[in-house]
Amino acid sequence: MKPSDQWKAINDKQFWKHIPKDYKSHSGKPLTAKHSAKTIHLNLTDKQFNWLQTFRRNYRNFYGSDDSVVESLLVNMINKPLEQYIDPTTDRWSRVHNTREAESHHTYVISEEVLKKVGEITLDSRVISAQTQLKIIIQNSKQLHDNGWFYDLTKRKTKNPTRKEVI
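Sequential numbering of the sequence shown, starting at 148, is according to our numbering.
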(Lines of atoms letter the chains of each structure in order from A and count residues from 1; the text may use other names and numbers.)
(Lines give C-alpha, C1' and ligand atoms only; values in the text may rest on other atoms or scores of the structure.)
Protein backbone atom coordinates (compact mmCIF):
# COMPACT_ATOMS: atom_id res chain seq x y z
CA MET A 1 0.00 0.00 0.00
CA LYS A 2 1.40 3.37 -1.01
CA PRO A 3 1.78 6.04 1.67
CA SER A 4 -0.78 8.25 -0.11
CA ASP A 5 -3.34 5.42 0.05
CA GLN A 6 -2.59 4.92 3.74
CA TRP A 7 -3.20 8.61 4.45
CA LYS A 8 -6.38 8.51 2.39
CA ALA A 9 -7.64 5.54 4.43
CA ILE A 10 -6.78 7.30 7.72
CA ASN A 11 -8.50 10.52 6.63
CA ASP A 12 -11.54 8.56 5.48
CA LYS A 13 -11.75 6.80 8.83
CA GLN A 14 -11.45 10.08 10.74
CA PHE A 15 -14.11 11.67 8.55
CA TRP A 16 -16.63 8.93 9.29
CA LYS A 17 -15.73 8.93 12.98
CA HIS A 18 -16.45 12.65 13.38
CA ILE A 19 -19.57 12.93 11.24
CA PRO A 20 -22.85 12.94 13.20
CA LYS A 21 -24.42 9.49 13.42
CA ASP A 22 -27.80 10.60 12.13
CA TYR A 23 -26.32 12.09 8.96
CA LYS A 24 -25.34 8.86 7.23
CA SER A 25 -25.24 5.22 8.07
CA HIS A 26 -21.93 3.38 7.98
CA SER A 27 -22.79 1.86 4.64
CA GLY A 28 -22.69 5.33 3.11
CA LYS A 29 -26.42 5.40 2.34
CA PRO A 30 -28.74 8.03 3.80
CA LEU A 31 -30.76 6.87 6.77
CA THR A 32 -34.43 6.30 6.13
CA ALA A 33 -36.74 8.77 7.80
CA LYS A 34 -40.30 8.24 8.92
CA HIS A 35 -42.71 9.64 6.37
CA SER A 36 -44.64 12.34 8.13
CA ALA A 37 -45.99 14.15 5.08
CA LYS A 38 -48.77 13.33 2.67
CA THR A 39 -49.69 14.61 -0.75
CA ILE A 40 -53.04 16.31 -1.19
CA HIS A 41 -54.65 17.17 -4.50
CA LEU A 42 -56.64 20.38 -4.75
CA ASN A 43 -58.72 21.68 -7.62
CA LEU A 44 -58.35 25.46 -7.73
CA THR A 45 -59.42 28.07 -10.24
CA ASP A 46 -56.79 30.29 -11.81
CA LYS A 47 -57.81 33.19 -9.55
CA GLN A 48 -57.45 31.06 -6.42
CA PHE A 49 -54.09 29.70 -7.53
CA ASN A 50 -52.90 33.23 -8.40
CA TRP A 51 -53.98 34.39 -4.94
CA LEU A 52 -51.76 31.70 -3.37
CA GLN A 53 -48.86 32.68 -5.64
CA THR A 54 -49.28 36.37 -4.77
CA PHE A 55 -49.45 35.60 -1.05
CA ARG A 56 -46.24 33.59 -1.32
CA ARG A 57 -44.54 36.31 -3.40
CA ASN A 58 -45.54 39.05 -0.95
CA TYR A 59 -44.13 37.09 1.99
CA ARG A 60 -41.31 35.24 0.26
CA ASN A 61 -39.05 35.66 3.30
CA PHE A 62 -41.37 33.39 5.28
CA TYR A 63 -42.50 30.85 2.70
CA GLY A 64 -40.09 29.01 0.46
CA SER A 65 -42.66 26.93 -1.40
CA ASP A 66 -46.34 26.74 -2.22
CA ASP A 67 -46.54 23.73 0.10
CA SER A 68 -45.46 25.84 3.07
CA VAL A 69 -48.04 28.53 2.20
CA VAL A 70 -50.90 26.02 2.03
CA GLU A 71 -49.76 24.28 5.20
CA SER A 72 -49.45 27.53 7.17
CA LEU A 73 -52.91 28.67 6.01
CA LEU A 74 -54.41 25.36 7.15
CA VAL A 75 -52.54 25.49 10.48
CA ASN A 76 -53.81 29.03 11.02
CA MET A 77 -57.34 27.82 10.33
CA ILE A 78 -56.88 25.09 12.96
CA ASN A 79 -55.62 27.62 15.51
CA LYS A 80 -58.02 30.45 14.66
CA PRO A 81 -61.50 29.29 13.59
CA LEU A 82 -62.99 31.48 10.88
CA GLU A 83 -66.27 32.12 12.71
CA GLN A 84 -64.59 34.81 14.81
CA TYR A 85 -63.21 36.68 11.82
CA ILE A 86 -65.92 36.44 9.15
CA ASP A 87 -69.19 38.31 9.50
CA PRO A 88 -71.88 35.64 10.04
CA THR A 89 -74.38 37.52 7.86
CA THR A 90 -72.29 36.95 4.73
CA ASP A 91 -72.84 33.75 2.80
CA ARG A 92 -69.54 31.90 3.14
CA TRP A 93 -70.55 29.08 0.82
CA SER A 94 -71.95 30.99 -2.18
CA ARG A 95 -68.93 31.18 -4.46
CA VAL A 96 -66.92 28.29 -3.05
CA HIS A 97 -68.59 25.52 -5.03
CA ASN A 98 -70.66 27.45 -7.57
CA THR A 99 -67.78 28.49 -9.78
CA ARG A 100 -68.22 28.39 -13.50
CA GLU A 101 -64.51 28.84 -14.02
CA ALA A 102 -62.35 25.92 -15.03
CA GLU A 103 -60.42 24.39 -12.16
CA SER A 104 -56.94 22.99 -12.53
CA HIS A 105 -55.36 20.24 -10.49
CA HIS A 106 -52.62 21.20 -7.99
CA THR A 107 -50.62 18.95 -5.69
CA TYR A 108 -49.22 19.99 -2.31
CA VAL A 109 -47.24 18.12 0.34
CA ILE A 110 -48.61 18.72 3.82
CA SER A 111 -47.57 17.16 7.13
CA GLU A 112 -49.70 14.27 8.31
CA GLU A 113 -50.47 15.84 11.69
CA VAL A 114 -51.87 18.96 10.06
CA LEU A 115 -54.05 16.90 7.73
CA LYS A 116 -55.46 14.94 10.68
CA LYS A 117 -56.39 18.15 12.50
CA VAL A 118 -57.78 19.72 9.32
CA GLY A 119 -60.15 16.78 8.98
CA GLU A 120 -61.71 17.70 12.33
CA ILE A 121 -62.53 21.33 11.43
CA THR A 122 -66.20 22.22 11.18
CA LEU A 123 -67.80 25.37 9.86
CA ASP A 124 -71.53 26.00 10.35
CA SER A 125 -71.66 22.53 11.97
CA ARG A 126 -70.39 20.67 8.88
CA VAL A 127 -67.00 19.07 8.45
CA ILE A 128 -65.24 20.67 5.52
CA SER A 129 -62.38 19.37 3.40
CA ALA A 130 -58.98 21.04 3.12
CA GLN A 131 -59.86 22.18 -0.40
CA THR A 132 -63.07 23.87 0.77
CA GLN A 133 -61.25 25.44 3.72
CA LEU A 134 -58.62 26.90 1.44
CA LYS A 135 -61.27 28.22 -0.96
CA ILE A 136 -63.18 29.87 1.91
CA ILE A 137 -59.96 31.52 3.14
CA ILE A 138 -59.21 32.84 -0.35
CA GLN A 139 -62.80 33.95 -1.00
CA ASN A 140 -62.98 35.88 2.29
CA SER A 141 -59.34 37.01 2.31
CA LYS A 142 -60.17 40.74 2.33
CA GLN A 143 -62.44 40.42 5.35
CA LEU A 144 -60.00 38.07 7.10
CA HIS A 145 -57.13 40.47 6.44
CA ASP A 146 -59.10 43.43 7.78
CA ASN A 147 -59.92 41.51 10.96
CA GLY A 148 -56.32 40.38 11.60
CA TRP A 149 -56.62 36.68 10.76
CA PHE A 150 -53.43 36.76 8.67
CA TYR A 151 -51.42 38.71 11.27
CA ASP A 152 -49.52 35.70 12.69
CA LEU A 153 -48.71 34.48 9.18
CA THR A 154 -47.28 37.78 7.99
CA LYS A 155 -45.53 39.34 10.98
CA ARG A 156 -41.76 39.28 11.20
CA LYS A 157 -40.44 36.24 13.03
CA THR A 158 -37.41 38.01 14.49
CA LYS A 159 -37.12 41.58 15.51
CA ASN A 160 -33.88 43.38 14.83
CA PRO A 161 -33.31 45.87 17.62
CA THR A 162 -32.98 49.49 16.63
CA ARG A 163 -30.07 51.58 17.81
CA LYS A 164 -32.23 53.23 20.49
CA GLU A 165 -33.21 49.85 21.95
CA VAL A 166 -29.58 48.72 22.07
CA ILE A 167 -28.44 51.88 23.86
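From the three backbone atoms N, C-alpha and C, an ideal C-beta is built for every residue, glycine too.
When beta bridges are read from the DSSP output, N190 appears opposite H252. Between D213 and L199 the beta-carbon gap is near 6 Å, inside 8 Å, which marks them as a contact.
Cβ-Cβ separation between V261 and L220: approximately 10 Å, too far for a contact (criterion under 8 Å). Taking all protein chains shown into account, A249 has fewer than 16 neighbouring C-beta atoms within 10 Å of its C-beta and is therefore exposed.
Counting along the chain, Y298 sits inside the alpha helix (DSSP H) bounded by residues 298-301.
Membership of L221 in the alpha helix (DSSP H) is indicated by the continuous run 213-226. No residue range can be given for L229, since it is assigned to no alpha helix (DSSP H) and is classified by DSSP as neither H nor E.
Here E218 is buried: its Cβ has 16 or more other Cβ atoms, across all protein chains shown, within 10 Å. Your pair H252 and F196 does not check out as a contact, with CB atoms roughly 10 Å apart and the cut at 8 Å.
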